[in-house]
Amino acid sequence: MAARFGHKDLVEQIINWHPNLIHKTNLNGETPFHVAAKAGRFDVILLFKATVEDIARVRDKHGDTPLHCAVRNNHKLVIWLVVDGDQEALRLVNNAGESPLVVAIDLGLTNVAHSIIFGNPSTLDHRGNNGQTPLHRAVLSRDLAIVDRILVLKPELITMQDGKGRNPLHYAVSLGDYEMVKKLLECNSSAAYQVDNNRQIPLHFSAKNGQVSLLKLLLNPCPDTVEMINNEQWNILHLSAKNGYVNVVLYVLDLPEAEDLVNGSDIAGNTPLHLAAMNFLSNVVYFLSRNSKVNIRVMNQNSQTALDVVYSIEDGGMELQKHLTLKALKSSYTKRAGDLLQDGGFVDTDVEKTNKIGQKSREMATTMLLMATLIATFTFTAAFTIPGGFKNNGPDEGMSTLLGKSAFKAFVVTDSIAFTSSMTAAVLVFWSSSYQVTESFMDTLPFAIAFTWIALVAMALAFVTGLFVVLSKTLWLAILVCFIGCASPAILYLFGPLFLLVFDRLSSSSTSLARRRNILEDNPFLFIFRLTKMIY
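Those letters in the sequence shown? Residues 1 to 536, by full-length UniProt numbering.
Rendered as structure tokens:
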């Protein structure tokens, strides 16, 4: 306690009375040296250093030395007092394999890290329990200043691989840090060719994460990496197609090497088109299948084309996405062959599945029609019971009393948009329901969904602006109403996946998988959320 609060005279007196207490530890295995270092008590540490030898090497139960404690609490003067005459103590690691330098880097203490490197450059030779170097940790902390310093003193660290076989460039690309990647490539571009334990190079990470700018940056000095594959035999087009990144797919399709990538098969014989199709990524499927370099009739090891793959997979609640994927593939077959029926007769063999998808979608359309009708009713009523009422006499009799207010004008515009959009959605659903052909019906459904969401957003804005104009004299209340009206729908949309997950977890404790699926399909809120996610 005396060491923690910096009572130097009391510390000295206690040492004189009971010298054995100087090495006594608390329940955390900390000695008074650790406690003083953690609290930054420079004068107490100075007293301990004169009394105890090798104070910098004393460890607590976690293997931390007083140096680790001082670094964690950013006590720079204490650090240098502790290591004075014992610079090698800067290389000591705790039970977690962390050196004081790594602790400083992880906590973002750039100045402390610089001082440690300056005091003992050999601290850069440290390898943690996971095989990571200080450069790995600096990249993960996104500390460009420390990375620059390390590369000047020890540039060979850029090709050092950790326990997963990844060098610092792998992590820089995974983080999407453009400047970090640029600096590492300028130092040593050979790091772009190194593979990790899954035979992935940094370029694969950029394709998997949809980072076109990093893809270009990596290919500029190392263009031949474009054809490298991982242990699944996936190239960058496989990875981007599987994860639904249209921007990367379009960029790769324009590369001179695209002809060698588009029809590449993985260990299961799947091409990029197969992977996009089995995940119902209709936008990726559309661009791939329309590209003349792509062979849409390639079969995988199960003797399935991309079209066969889509038909063979259950929609799992993604009826509309599956329909759009099928539509994109069939359209490509028609465009290339001129006659869809010549391709194995797949239309006749899957009529039952198509009708089943259509039945679910028609049930969804019923819910949408109800929503659109309710929105139209509310907004129509609001238009004739406008905020503030009407003038009862004078030359402007019958005109709105708040016509000159900007908030009122915003109310009128948003209410009109909500009414028009909801009516359009209702007409689309009603009109498309008259189609007997399932595909024609499902083609119009996405437009109805889009108009419904426009109507919902506009109705919320109309509600907020209408209240604001009548509450503007009490500004704090008007602002609070605006915040509640705008924030609540946004929070619901952003955390919708979390609500869905909680609902699914609660159901799983007492409900079978088949039953949970029925619950999800029958619940209108979850259905709307699913459609929203698809549109977004």
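Built from N, CA and C at the ideal position, the CB exists for glycine as well. Given the structure is predicted, the values throughout are model-derived calculations rather than measurements.
Under a Cβ-count criterion, where at least 16 other Cβ atoms within 10 Å of its own Cβ denotes burial, should G466 be classed as buried or exposed?
As a working note, residue 466 is residue 466 in the sequence shown. For G466, the number of other beta carbons within 10 angstroms of its own is at least 16, and it is reported as buried.
D86 (DSSP reduced to helix, strand or coil)
In the sequence shown, counting from the first residue as 1, residue 86 sits at position 86. Coil.
So L461 and T414 are supposed to be a Cβ contact under 8 Å. How far apart are they, rounded?
Taking the sequence shown and counting its residues from 1, one reaches residue 461 at position 461. Taking the sequence shown and counting its residues from 1, one reaches residue 414 at position 414. Contact between L461 and T414 holds, with the beta-carbon distance rounding to 4 Å and staying under 8 Å.
Cβ-based neighbour list, A104, same chain, cut-off 7 Å, excluding 5 preceding and 5 following
Residue 104 sits at position 104 when you count from the first residue of the sequence shown. Excluding residues within five positions, the ones whose Cβ falls inside 7 Å are V71, V112, A113, I116.
The stretch 278 to 294 touching the stretch 234 to 246, judged by at least three CB pairs closer than 8 Å:
In this structure the stretch 278 to 294 lies against the stretch 234 to 246, because at least three pairs of beta carbons, one per stretch, are closer than 8 Å.
Assuming N300 contacts G269 (C-beta within less than 8 Å), just tell me the rounded distance between them.
Taking the first residue of the sequence shown as position 1, residue 300 is located at position 300. Taking the first residue of the sequence shown as position 1, residue 269 is located at position 269. Contact flag correct, Cβ pair sits at about 3 Å.
What first and last residue would you give for the alpha helix (DSSP H) that runs through C222?
Within the sequence shown, the letter at position 222 stands for residue 222. DSSP places C222 outside any alpha helix (DSSP H), giving it a letter other than H or E.
Which residue from L67, L77, W80 puts its Cα closest to that of V102?
Residue numbering aside, residue 102 sits at position 102 when the sequence shown is read from its first letter. L67 is the residue among L67, L77, W80 whose C-alpha sits nearest the C-alpha of V102.
Between the Cα of I22 and the Cα atoms of T51, A39, T367, which residue gives the shortest distance?
Taking the sequence shown and counting its residues from 1, one reaches residue 22 at position 22. Comparing Cα-Cα distances from I22 to each of T51, A39, T367, the minimum goes to T51.
Of the choices L92, S422, N393, whose alpha-carbon is the least far from that of F378?
Reading the sequence shown from its first residue, position 378 is the one you call residue 378. For F378, the closest C-alpha among the options L92, S422, N393 is that of S422.
Could you please give the first and the last residue of the uninterrupted alpha helix (DSSP H) stretch that includes W17?
Working through the sequence shown from its first residue, we reach residue 17 at position 17. First-last of the alpha helix (DSSP H) with W17: 8 to 17.
By DSSP, does F463 sit in helix, in strand, or in coil?
Taking the first residue of the sequence shown as position 1, residue 463 is located at position 463. In this structure, F463 counts as helix in the three-state DSSP scheme.
Can you give the beta carbon distance from A262 to L237, rounded, assuming they're within the 8 Å contact cut?
Start at 1 with the first residue of the sequence shown, and residue 262 comes out as number 262. Start at 1 with the first residue of the sequence shown, and residue 237 comes out as number 237. Note that residue 262 is Val in the sequence shown here, rather than Ala. Taking 8 Å as the upper bound for CB-CB distance, V262 and L237 are in contact here, some 6 Å apart.
In this structure, what does DSSP give as the bridge partners for S400?
By one-based count along the sequence shown, residue 400 stands at place 400. Under DSSP, S400 shares a beta bridge with F390.
Check V52 in the structure and name its three-state DSSP category.
As a working note, residue 52 is residue 52 in the sequence shown. Correct three-state label for V52: coil.
Could you tell me which of S122, C222, N291 sits nearest to Y333, measuring between CA atoms?
In the sequence shown, counting from the first residue as 1, residue 333 sits at position 333. Ranked by Cα distance from Y333, the first of S122, C222, N291 is N291.
Whole runs of the beta strand (DSSP E) within the stretch 230 to 255, excluding any shorter than 3 residues
The beta strand (DSSP E) runs of length 3 or more contained entirely in the stretch 230 to 255 do not exist; there are none.
F205 vs V249 beta-carbon contact at 9 Å:
Locating residue 205 in the sequence shown gives position 205, where the first residue counts as 1. Locating residue 249 in the sequence shown gives position 249, where the first residue counts as 1. Here F205 is not near V249, since their CB atoms are 9 Å or more apart.
On the premise that A277 lies in contact with A306, defined as a C-beta separation below 8 Å, what is that separation, rounded to the nearest angstrom?
Within the sequence shown, the letter at position 306 stands for residue 306. Within the sequence shown, the letter at position 277 stands for residue 277. Taking 8 Å as the upper bound for CB-CB distance, A306 and A277 are in contact here, some 4 Å apart.
Under 6 Å Cβ to Cβ from A407, same chain only, skipping five residues before and after it: list those, please.
On the sequence shown, position 407 is the one that residue 407 refers to. Correct list, in chain order: T465, F468, V469.
Exposed or buried, what is P168 when buried is set at 16 or more other beta-carbons lying within 10 Å of its beta-carbon?
Walking along the sequence shown from the start, residue 168 turns up at place 168. Burial check for P168: the Cβ neighbour count within 10 Å reaches 16 or more, so the residue is buried.
According to DSSP, is N263 helix, strand or coil?
Within the sequence shown, residue 263 is the residue found at index 263, counting from 1. Residue state, collapsed to three classes: coil.
Where the alpha helix (DSSP H) containing A191 begins and where it ends:
Position 191 of the sequence shown, counting from 1, holds the residue named residue 191. Element bounds for A191: n/a, residue is neither H nor E.
DSSP state of E352, grouped into three classes?
Residue 352 sits at position 352 when you count from the first residue of the sequence shown. Only weak support is given to the placement of E352: the predicted model assigns it a pLDDT of 49, under 50, and the question is left unresolved by the model.
Whole angstroms is fine: what's the gap from N20's alpha carbon to D86's?
Position 20 of the sequence shown, counted from the start, is the residue given in the question as residue 20. Position 86 of the sequence shown, counted from the start, is the residue given in the question as residue 86. Spanning the two alpha carbons is a distance of roughly 24 Å.
Taking C-alpha atoms, which residue in M399, P395, K335 lies nearest to T385?
What you label residue 385 is simply residue 385 of the sequence shown in a count that begins at 1. Of the candidates M399, P395, K335, the one whose C-alpha sits nearest the C-alpha of T385 is M399.
What does the alpha-carbon distance come out to for the pair V176 and L214?
Taking the first residue of the sequence shown as position 1, residue 176 is located at position 176. Taking the first residue of the sequence shown as position 1, residue 214 is located at position 214. The question names Val, but residue 176 is Gly in the sequence shown. Distance from the CA of G176 to the CA of L214, rounded to the nearest whole angstrom, comes to 7 Å.
For F451 and L329, what's the separation of their Cα atoms in angstroms?
The residue you call residue 451 lines up with position 451 of the sequence shown. The residue you call residue 329 lines up with position 329 of the sequence shown. Taking the straight line joining both Cα atoms gives about 26 Å.
Under the three-state reduction of DSSP, which class applies to Q200: helix, strand or coil?
Stepping through the sequence shown from its first residue, residue 200 is reached at position 200. Note: Q200 maps to coil in three-state DSSP.
Classification of L428 by the beta-carbon crowding that lies within 10 angstroms, buried from 16 upward:
In the sequence shown, the residue the question calls residue 428 occupies position 428. Buried, because 16 or more other Cβ atoms sit within 10 Å of the Cβ of L428.
Residues in the same chain with beta-carbon distance under 7 Å from I15, minus the five sequence neighbours each way, listed in chain order, please.
Counted from its first residue, the sequence shown places residue 15 at position 15. Contacts found: I22, T51.
Among A56, T444, R166, which one has its Cα closest to the Cα of R137?
Counted from its first residue, the sequence shown places residue 137 at position 137. Relative to R137, the option among A56, T444, R166 whose CA is nearest is R166.
Starting from G119 and walking both ways along the alpha helix (DSSP H), at which residues does that stretch end?
Against the sequence shown, residue 119 aligns to sequence position 119. Here the alpha helix (DSSP H) through G119 covers 110 to 119.
Assuming V181 and L217 are in contact, meaning their beta carbons sit under 8 Å apart, how far apart are those beta carbons, in whole angstroms?
Looking up residue 181 in the sequence shown gives position 181. Looking up residue 217 in the sequence shown gives position 217. 6 Å between Cβ atoms; contact.
Nearest residue (CA-CA) to E73, options K38, E227, D54, G316
Locating residue 73 in the sequence shown gives position 73, where the first residue counts as 1. In the sequence under discussion, the amino acid at residue 73 is Asn, which differs from the Glu named in the question. The residue with the shortest Cα to Cα distance from N73 is K38.
Cutting at 7 Å between CB atoms, please list the residues of its own chain near D84, excluding the five before and the five after it.
Walking along the sequence shown from the start, residue 84 turns up at place 84. Here the set comprises nothing.
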